[in-house]
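Participant: In case it helps, the numbering used here puts the sequence shown at residues 3 to 185. Cβ coordinates follow ideal geometry from the N, Cα and C atoms, glycine included. Since this is a predicted model, take the numbers as computed values, not measurements.
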Amino acid sequence: MKENKIPIWRQELKAARQKEGKLPSSRWFQLCTINGNNEPRLRTVVFRGWQTESSILIFTDNRSEKIAHLKLNSNAEVLWLLFKSKSQFRFKGKMNEIKENIKYWDTLSDRSKSTWFWQHPGKEINNNIQPSQIIYSNLDKPESFVVLEFKIYSVDLLKLVTPIHKRYVWNKEDNWKKVEINP
Ligand SMILES: Cc1cc2nc3c(=O)[nH]c(=O)nc-3n(C[C@H](O)[C@H](O)[C@H](O)COP(=O)(O)O)c2cc1C
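1. Looking at ligand 1, does it come within less than 7 Å of S57, judged from the CB to the closest heavy atom?
2. In chain order, what residues of the same chain lie with their CB nearer than 6 Å to the CB of V47, ignoring the 5 residues before and after it?
3. Checking the sheet assignment: what are the DSSP bridge partners for R29?
4. Taking the DSSP output, what are the residues bridged to K94?
5. Alpha carbon to alpha carbon, how far is A17 from I154?
6. Inspect the beta-carbon positions of F2 and W172 and report whether they are closer than 8 Å.
7. Contact defined as beta carbons within less than 8 Å: I believe L141 pairs with D108. What is the distance between those atoms, to the nearest angstrom?
8. Does the distance between the C-beta of S66 and the nearest non-hydrogen atom of ligand 1 fall short of 7 Å?
9. Check whether the region 73–83 and the region 123–133 are in contact - that is, three or more C-beta pairs closer than 8 Å.
10. For K1, which option in E102, E14, P9 has the closest C-alpha, if you only look at C-alpha atoms?
Below, the structure written as structure tokens:
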């Protein structure tokens with residue numbers, strides 16, 4: 003079921019992102035997953051937009067380690083630092099895969115698409131294999147293309163303002179009620 007009401011914290015995020023202007027880095031955040039040994043693993047990914055009012059789209063490669071982690075444990079955390087407003091957003095959530103993903107593939111440039119045809123990420127490079135010539139006119143969606151939906155249920159915002167930093171939390175189960183806490 004689609005949610006309707008845009009949570010109030012989205013306005014805070016929007017304002018912080020607007021301050022960044024056109025910087026590509028305003029679309030980058032860190033995604034943490036938990037591996038099979040219960041160890042945290044972090045990496046940077048690109049924000050690909052909102053799926054619902056409180057869920058984020060991420061594109062990734064089916065062969066990457068994060069996918070194996072998420073199969074074992076769908077809990078994840080996102081850390082999004084917006085430099086100009088000195089705002090740190092931490093999102094707790096659950097990840098799931100959107101299987102019907104052709105419409106997302108179609109939004110990508112050919113250069114972006116070609117990255118999903120590279121060799122297996124994380125494996126030792128085989129220099130005997132010539133980089134395959136990607137024929138840009140035939141970039142049909144490969145198995146490796148995965149769209150993830152990160153469903154946020156808790157938000158923690160820290161703003162480094164003077165004289166005293168501000169910190170707020172919102173929880174979905176409390177209808178996203180804004181609560182100010184000590185920084
Ligand atoms: C600026 C930047 C943006 C990135 N965006 C993505 C992305 O959108 N999706 C992705 O899977 N990896 C992205 N990566 C690569 C990941 O950080 C990571 O190296 C890769 O996904 C493999 O991670 P894993 O082995 O932990 O799954 C990006 C890296 C950088 C530096």
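Facilitator: Let me spell this out:
1. no
2. L33, I60
3. Answer by DSSP bridge pairing: none, since R29 is not bridged.
4. E79, S156
5. 19 Å
6. The chain is shown from 3 up to 185; residue 2 falls before or after that span and cannot be answered.
7. Going by Cβ atoms, the distance from L141 to D108 rounds to 10 Å, so no, they are not a contact pair.
8. yes
9. no
10. Absent from the model: residue 1. The displayed extent of the chain is 3 to 185, so no value can be given.
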